[in-house]
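Peer 1: Sharing a structure with you now.
Protein chains: 2
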Amino acid sequence: MTASRRILALSGGVGGAKLVLGLAHTMAPEDLTVVANTGDDFRHLGLHISPDIDTVVYTLSGLANPELGWGREGETWSFMAGLRQLGGEDWFNLGDGDLAMHVLRTNRLAEGASLSQVTRDLRRSLGIIVSILPMSDDPVQTVVETPDGPLAFQHYFVREQCAPIVTGFRFEHIEKAHPNPALMDALRDDTTGAVIIAPSNPFVSVDPILHLPGLRQTLDAFAGPILAVSPIVGGKAIKGPAAKMMRELGMPSDAAAVARHYSGLIDGFVIDRVDADQEDEIRKLGMDVMITGTVMRDLDSKIALAQDCLAFAERLAAP
Amino acid sequence: MTASRRILALSGGVGGAKLVLGLAHTMAPEDLTVVANTGDDFRHLGLHISPDIDTVVYTLSGLANPELGWGREGETWSFMAGLRQLGGEDWFNLGDGDLAMHVLRTNRLAEGASLSQVTRDLRRSLGIIVSILPMSDDPVQTVVETPDGPLAFQHYFVREQCAPIVTGFRFEHIEKAHPNPALMDALRDDTTGAVIIAPSNPFVSVDPILHLPGLRQTLDAFAGPILAVSPIVGGKAIKGPAAKMMRELGMPSDAAAVARHYSGLIDGFVIDRVDADQEDEIRKLGMDVMITGTVMRDLDSKIALAQDCLAFAERLAAP
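Just so you know, the protein sequences line up as chains A and B, in that order.
Every letter in the first sequence is one number past the one before it in my numbering, and letter 294, counting from 1, is 295.
Every letter in the second sequence is one number past the one before it in my numbering, and letter 319, counting from 1, is 320.
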């Protein structure tokens, strides 16, 4: 792999966006393409909300709110106060500045633009050079199955705060969804050097991308290495319900179980030093392992992990 | 006219809303119905904005911004800042709290509710007892004719800040618009004691209402008195471009010219003391005249003018 090769990163929200920021500081940003999960997208109060795209956009533009893990830093909340006064649904918080994104996106989509076009124009307006591709321009809705019935993802994640027990997942309309053509082109193009699955939730952030019709076959045919970074460190998810989901689904909530989830697809798996004891178990799945620090607390640790991932990809690509 | 009789007020934005607030403090609010101009309504960034309804709603709920004359007091502006960052159209200011109104309205309309239903629910959620009726549930667009061509009202009013010379007005789609049925019912109902045309712009706030198909005939057949309050005091409009429009249309910019505009329709005209010298000229148009203080600087003066209007209506109704 030469330094000028393109990197494709598959990402959900916070964890994925952190690694993407590290990559953007490590390589030429014009050679980096992020494919963002849109299974979390939903319409709320008539607005089209794309949580993972927004987290990537805000993170790459330096506008992200590091405390919340979503939305913008220095946000105001007058819209929510007004909404409550008017008796509107208030379980999903929308910051005032953040609303500009949702209103503009919704309006552009209503005018006939694709989510890809809107995303490109919005990230460019914020000076982001990295390409951000919605996984598909077609609607896909992640549904969380629970003993009390199915829940739309944001109802599970935000309204119910991940409390319900998870028995499975469904990606509605995925059979009719076309993978983003730019993603398919990149996978078939020999200038793309590697695919990196970011440390995002395997079930609700990465699987919607992997389940797009034809994508798995195209990934299997991809010439370069595919690697993933474990979102589970020391048996816990850095953020979000991944570990809780794994327990509820009857798997161990550890890095090796994530590796097993991706086995057959990936060539290498990046785990944290605290999980070094799982190396052998993971290697037995037929993949290489890199052990490094994977907790991204600041920009330096994001860059360090990105450098490790790129070095690992280069090693995996070596003949 | 007995105290229990209903009053119908026809209103545009600021000036009309002030008199309506005075009326709401003077009579039983459940007997007051405000018919709001919707010719200024427009879609902006995909949101349905009803400026005159909102000004009436915010004024009656005590949320209005008295400095701006539109929107909410104590407003924040993060949405506009975000919009500018993203390259969105920023000529029309939308406050963050105010957005809750536009987003909820747009969403309800998209779900199939009528503007009347949405307006009723929104004003009730703010504890407003006064009925607020959009003049029509059908779209009507006020167009301002200028030597350089037609301008949509908000483009004239906000984007161009009323600078273009006005040569006339057009109310697009008005021939297909149905007057609000509740307005027609009230005019045909003998419990309605009087119609008061608030001190709003005659051309762009009141005329759209009066030009609704069938409305003028129904007003002509209305049994009670119809009176109007001059929006022009001492040759000037209290707020807005009414006087400038009158000059550009080749009329004197005075109270008498407004009376002439309404002659044949109204039974009485309320003018300010500073315009007392126009009393005879106005009486010659075939209407009664009340001279009082019409400048509404505070709640007391709003109530005083409302009391004067109700007394005038009672006098006009006396056999």
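A virtual CB, placed ideally from N, CA and C, is assigned to each residue, including glycine.
Which residues in chain D have a C-beta closer than 9 Å to the C-beta of GLU76(B)? List them in chain order.
Peer 2: Although the question refers to chain D, the structure presented lacks it and instead comprises the protein chains A and B.
Peer 1: Could you please give the first and the last residue of the uninterrupted beta strand (DSSP E) stretch that includes PRO214(B)?
Peer 2: Numbered from its first residue, the second sequence carries residue 214(B) at position 213. Careful: PRO214(B) lies outside any beta strand (DSSP E) and carries neither H nor E.
Peer 1: Check whether the stretch 212–224 of chain B touches the stretch 180–193 of chain B, counting contact only when three or more Cβ pairs, one atom from each stretch, lie closer than 8 Å.
Peer 2: With the cut-off at 8 Å, the stretch 212–224 of chain B and the stretch 180–193 of chain B touch.
Peer 1: At least one CB of chain B closer than 8 Å to the CB of VAL131(A): is that the case?
Peer 2: If you number the first sequence from 1, residue 131(A) lands on position 130. By this cut-off, VAL131(A) is not an interface position.
Peer 1: Assuming ILE129(A) contacts ILE54(A) under a Cβ cut-off of 8 Å, what Cβ separation, rounded to an integer in Å, is found between them?
Peer 2: Position 128 of the first sequence, counting from 1, holds the residue named residue 129(A). Position 53 of the first sequence, counting from 1, holds the residue named residue 54(A). The pair is not a contact, with the Cβ atoms about 11 Å apart (cut-off 8 Å).
Peer 1: Drop a sphere of 10 angstroms on the beta-carbon of LEU123(A), count the other beta-carbons inside from all chains shown, and report buried for 16 or more, exposed for fewer.
Peer 2: For the purposes of this step, residue 123(A) is taken as residue 122 along the first sequence, with counting starting at 1. Its Cβ being crowded by 16 or more others within 10 Å, LEU123(A) is buried.
Peer 1: Examine the Cβ distances between the stretch 132–146 of chain A and the stretch 24–39 of chain A and report whether three or more of them are shorter than 8 Å.
Peer 2: Yes: the two stretches touch, three or more of their Cβ pairs being nearer than 8 Å.
Peer 1: I want to see whether chain A comes within less than 8 Å of SER117(B), judged by CB atoms only; does it?
Peer 2: In the second sequence, residue 117(B) corresponds to position 116, counting from 1. It does not: the Cβ of SER117(B) has no partner Cβ on chain A nearer than 8 Å.
Peer 1: Interface residues of chain B around SER107(A) at Cβ under 8 Å?
Peer 2: Along the first sequence, one-based indexing puts residue 107(A) at 106. For the record, residue 107(A) in the displayed sequence is Thr; it is not Ser. Neighbours of THR107(A) on chain B, chain order: GLY47.
Peer 1: Could you name the residues of chain A that ASP97(B) contacts, counting a contact when the two beta carbons are closer than 7 Å?
Peer 2: The count along the second sequence starts at 1 and reaches residue 97(B) at position 96. Simply THR77, SER79, PHE80, ASP97.
Peer 1: With a threshold of 8 Å between beta carbons, is ALA65(B) in contact with chain A?
Peer 2: If you number the second sequence from 1, residue 65(B) lands on position 64. With 8 Å as the cut-off, ALA65(B) does not count as an interface residue toward chain A.
Peer 1: Check MET2(B) in the structure and name its three-state DSSP category.
Peer 2: Mapped onto the second sequence, residue 2(B) falls at position 1. Unreliable positioning characterises MET2(B) in this predicted model, as indicated by a pLDDT of 42, which lies under 50. The coordinate reading is nonetheless provided below. Looking at MET2(B) - three-state DSSP - the assignment turns out to be coil, as it is neither helix nor strand.
Peer 1: Buried or exposed: which applies to GLY150(A), given that a residue is buried once 16 or more other Cβ atoms fall within 10 Å of its Cβ?
Peer 2: Stepping through the first sequence from its first residue, residue 150(A) is reached at position 149. Exposed, since its Cβ has fewer than 16 Cβ neighbours within 10 Å.
Peer 1: Counting contacts by CB-CB distance shorter than 8 Å, is LEU100(A) in contact with chain B?
Peer 2: For this step, residue 100(A) is matched to residue 99 along the first sequence. Interface residue, yes.
Peer 1: Examine chain A for any beta-carbon lying closer than 8 Å to the beta-carbon of SER126(B), and answer yes or no.
Peer 2: Taking the second sequence and counting its residues from 1, the one referred to as residue 126(B) is at position 125. With 8 Å as the cut-off, SER126(B) counts as an interface residue toward chain A.
Peer 1: Please classify CYS163(B) as buried or exposed, where buried requires at least 16 other C-beta atoms within 10 Å of its C-beta.
Peer 2: Translated into positions along the second sequence, residue 163(B) becomes position 162. With fewer than 16 other Cβ atoms within 10 Å, it is exposed.
Peer 1: Look up LYS240(A) in the DSSP assignment and say whether it is helix, strand or coil.
Peer 2: Stepping through the first sequence from its first residue, residue 240(A) is reached at position 239. Coil, per DSSP.
Peer 1: Could you tell me which whole alpha helix (DSSP H) segments of length 4 or greater appear in the stretch 221–287 of chain B?
Peer 2: Taking only runs of at least 4 residues, the alpha helix (DSSP H) segments lying wholly in the stretch 221–287 of chain B are 243–249, 256–263, 280–284.
Peer 1: Relative to the C-alpha of GLN86(B), which residue among ALA101(A), ASP97(A), GLY269(A) is closest?
Peer 2: Stepping through the second sequence from its first residue, residue 86(B) is reached at position 85. When each option's Cα is compared against that of GLN86(B), the closest is ALA101(A).
Peer 1: Within the continuous beta strand (DSSP E) that includes VAL296(B), where are the two ends?
Peer 2: Taking the second sequence and counting its residues from 1, the one referred to as residue 296(B) is at position 295. Premise fails: VAL296(B) is in no beta strand (DSSP E) and is neither H nor E.
Peer 1: Is any beta-carbon of chain A found at less than 8 Å from that of LEU211(B)?
Peer 2: On the second sequence, residue 211(B) is found 210 positions in, with the first residue counted as 1. Judged by the 8 Å Cβ criterion, LEU211(B) is not in contact with chain A.
Peer 1: Would GLY265(A) be called buried (16 or more neighbouring beta carbons within 10 Å of its own) or exposed?
Peer 2: By 1-based counting over the first sequence, the position of residue 265(A) is 264. Answer is exposed; the Cβ neighbour count stays below 16.
Peer 1: Consider the Cβ of GLN279(A): report whether some Cβ of chain B lies at a distance smaller than 8 Å.
Peer 2: As a working note, residue 279(A) is residue 278 in the first sequence. No, because no Cβ of chain B sits closer than 8 Å to the Cβ of GLN279(A).
Peer 1: Count the C-beta pairs between the stretch 288–307 of chain B and the stretch 18–34 of chain B that are closer than 8 Å, then say yes if the count reaches three, no if not.
Peer 2: A contact exists between the stretch 288–307 of chain B and the stretch 18–34 of chain B.
Peer 1: Just to confirm, is the Cβ distance from ALA244(B) to GLY236(B) under 8 Å?
Peer 2: Here residue 244(B) is taken as the residue at index 243 of the second sequence, counted from 1. Here residue 236(B) is taken as the residue at index 235 of the second sequence, counted from 1. In this structure, GLY236(B) lies closer than 8 Å to ALA244(B) by Cβ.
Peer 1: Tell me, please, whether the stretch 96–113 of chain A touches the stretch 42–49 of chain A by the rule of three or more beta-carbon pairs shorter than 8 Å.
Peer 2: Touching, yes.
Peer 1: Taking only three categories from DSSP, how would you classify VAL196(B)?
Peer 2: Residue 196(B) sits at position 195 when you count from the first residue of the second sequence. DSSP places VAL196(B) in strand when its eight states are reduced to three.
Peer 1: Which bits of chain A does GLN155(B) rub up against, with CB to CB less than 7 Å?
Peer 2: Within the second sequence, numbered from 1, the residue matching residue 155(B) stands at position 154. Here the premise fails: no neighbours, minimum Cβ distance about 16 Å.
Peer 1: With GLY63(A) and ILE239(A) assumed to form a contact (beta carbons below 8 Å), what rounded beta-carbon distance in angstroms separates them?
Peer 2: Your numbering for residue 63(A) matches position 62 in the first sequence. Your numbering for residue 239(A) matches position 238 in the first sequence. No, GLY63(A) and ILE239(A) are not in contact; Cβ-Cβ is about 21 Å, not under 8 Å.
Peer 1: Give the residues of chain A in contact with ALA307(B), contact being defined as C-beta atoms less than 8 Å apart.
Peer 2: As a working mapping, residue 307(B) is identified with position 306 in the second sequence. Under the 8 Å cutoff, chain A gives no residues; its nearest Cβ is about 26 Å from ALA307(B).
Peer 1: Going by DSSP, which residues form a beta bridge with HIS156(B)?
Peer 2: Indexing the second sequence from 1 puts residue 156(B) at position 155. DSSP output for HIS156(B) lists no bridge partner at all.
Peer 1: Compare the Cα-Cα distances from VAL271(A) to each of MET291(A), ASP255(A), LEU110(A), ALA256(A) and report the closest residue.
Peer 2: Start at 1 with the first residue of the first sequence, and residue 271(A) comes out as number 270. The shortest Cα separation from VAL271(A) among MET291(A), ASP255(A), LEU110(A), ALA256(A) belongs to MET291(A).
Peer 1: Entirely within the stretch 36–116 of chain B and at least 4 residues each: give me those alpha helix (DSSP H) ranges in chain order.
Peer 2: Within the stretch 36–116 of chain B, the complete alpha helix (DSSP H) runs of at least 4 residues are 52–62, 79–86, 97–111.
Peer 1: Who are the near neighbours of THR27(A) in its chain, counting only those whose CB is closer than 8 Å to its CB and skipping five residues on each side?
Peer 2: Working through the first sequence from its first residue, we reach residue 27(A) at position 26. Around THR27(A): ILE304, ALA307, GLN308, LEU311.
Peer 1: Below 8 Å on C-beta distance, what does GLY83(B) contact in chain A?
Peer 2: Mapped onto the second sequence, residue 83(B) falls at position 82. Residues of chain A passing the Cβ test: ARG73, ASP97, GLY98, ASP99, LEU100, ALA101, MET102.
Peer 1: How far does the alpha helix (DSSP H) with ILE304(B) in it extend, from its first residue to its last?
Peer 2: For the purposes of this step, residue 304(B) is taken as the residue at position 303 of the second sequence. 300–318 is the span of the alpha helix (DSSP H), which, as asked, contains ILE304(B).
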